[in-house]
């Protein structure tokens, strides 16, 4: 299946700071998603972005499919942004099953 | 719209015992997934159903894990017998279609002693 690598593994920010999370994947994809898992374990989809750029409030994501990476930007971070951010990818070879990376653990301090 | 429901939320058992988890997906979602998330790792797909048929169970340890989706709606995941390494959060998710955006339930945290 597709290998998904995320960096950095851990990140600590002060409230108001900006950050960029990276996701590299090993094969072409037709499905690339970003998720946020809050400290209570709830996993929420942030973006479906197999290519191109999308924005949702303070979050935006860009996927460069030809170079096999995706970036998640968090601007003006808030304490509620804390949690783990996962990138997940799939293609027809993997039966469309999403393969998740190990995640980036983000802590935003007041 | 109600989300994905799972029960129980927590379960503690001893090794070699059996355990079952239940999932009720979002109404109308044809695709249902069970994921295993070990502490510090990303979720790993165990099994994917499309309606009541299995699409992918390549990572399901079939000697001890089984799953079914009755009438294409609710699903149960069973472990028999449990091992220490089965300690994890078991996440159920559902989506409208085969490669759609999954909506996750709150998970069941299993501890095997």
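Protein chains in written order, with the working numbering: chain A, -18 to 91; chain B, 10 to 122.
Cβ atoms here follow ideal geometry from the backbone N, Cα and C, with glycine treated the same way.
query, result
"Chain B residues whose Cβ lies nearer than 9 angstroms to that of residue 26 of chain A", "110, 111, 112, 113"
"Identity of the residue in B:53, B:18, B:32, B:41 nearest residue 109 of chain B by Cα", "B:41"
"Element boundaries [beta strand (DSSP E), containing residue 118 of chain B]", "117 to 121"
"Check whether residue 66 of chain A and residue 88 of chain A have beta carbons under 8 angstroms apart", "no"
"Residue 80 of chain B, DSSP secondary structure in three states", "helix"
"Among A:48, A:40, A:51, A:75, the one whose alpha carbon lies nearest that of residue 58 of chain A", "A:40"
"Cβ-based contacts, 9 angstroms cut-off: residues of the stretch 83 to 105 of chain B near chain A", "98, 100, 102"
"Contacting positions in the stretch 39 to 59 of chain B - beta carbon closer than 9 angstroms to chain A", "42, 44, 46, 49, 50, 51, 52, 53, 54, 57"
"Bounding residues of the beta strand (DSSP E) (the contiguous stretch that carries residue 35 of chain B)", "No beta strand (DSSP E) contains residue 35 of chain B, which DSSP labels as neither H nor E."
"Contact with chain B by residue 71 of chain A, beta-carbon distance below 8 angstroms", "yes"
"Touching by the beta-carbon criterion (3+ pairs, under 8 angstroms), the stretch 6 to 23 of chain A and the stretch 24 to 34 of chain B", "no"
"Candidates B:36, B:70, B:62, B:39: closest to residue 45 of chain B by CA position", "B:70"
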